[in-house]
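For reference, the structure discussed in these notes is given below.
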Amino acid sequence: MLSRPETSAFYTGLARWAVERKALRLSFLTVGEQRLAFQFGLEEGGVYYFVKGGYDPAFSRFAPARLLLHDLL
Numbered sequence: 023m024l025s026r027p028e029t030s031a032f033y034t035g036l037a038r039w040a041v042e043r044k045a046l047r048l049s050f051l052t053v054g055e056q057r058l059a060f061q062f063g064l065e066e067g068g069v070y071y072f073v074k075g076g077y078d079p080a081f082s083r084f085a086p087a088r089l090l091l092h093d094l095l
C-alpha cells in the first residue's frame with residue numbers, strides 16, 4: 023500500500039471516503055501486541071467488501087490471513 027506514492031494516495035483517499043460513510047473496517051489478527059494479519063475492508067448495506075490484506079510472512083505456516091478471514095466470517 024505504501025510501495026508507490028500513487029498507490030498510497032489511492033488507499034488513503036479510499037480510507038477517508040469510507041470513514042465519512044462510516045464504512046471503513048480495519049481488522050487485525052494479533053497475538054499479544056504483535057499483529058500477524060490485517061484486512062482493509064468496506065462494509066455497506068450489510069455487505070462486506072475485502073479490499074486489501076496482508077500478513078507477517080514469518081507466520082505463513084499458520085495461515086494468519088485465513089485465520090483472520092475465518093474469524094471475520
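Counting from 23, one number per residue, gives the positions in the sequence shown under our numbering.
Cβ coordinates follow ideal geometry from the N, Cα and C atoms, glycine included.
Same chain, Cβ closer than 7 Å to Y77, neighbours up to 5 away in sequence not counted: Looking up residue 77 in the sequence shown gives position 55. The answer, listed in chain order, is L58, A59, P86, A87.
Status (buried if at least 16 other CB within 10 Å, exposed otherwise) for L51: If you number the sequence shown from 1, residue 51 lands on position 29. Classification for L51: buried.
Between the CA atoms of T34 and Q61 - distance to the nearest angstrom: Reading the sequence shown from its first residue, position 39 is the one you call residue 61. Reading the sequence shown from its first residue, position 12 is the one you call residue 34. Between Q61 and T34, the C-alpha separation is close to 15 Å.
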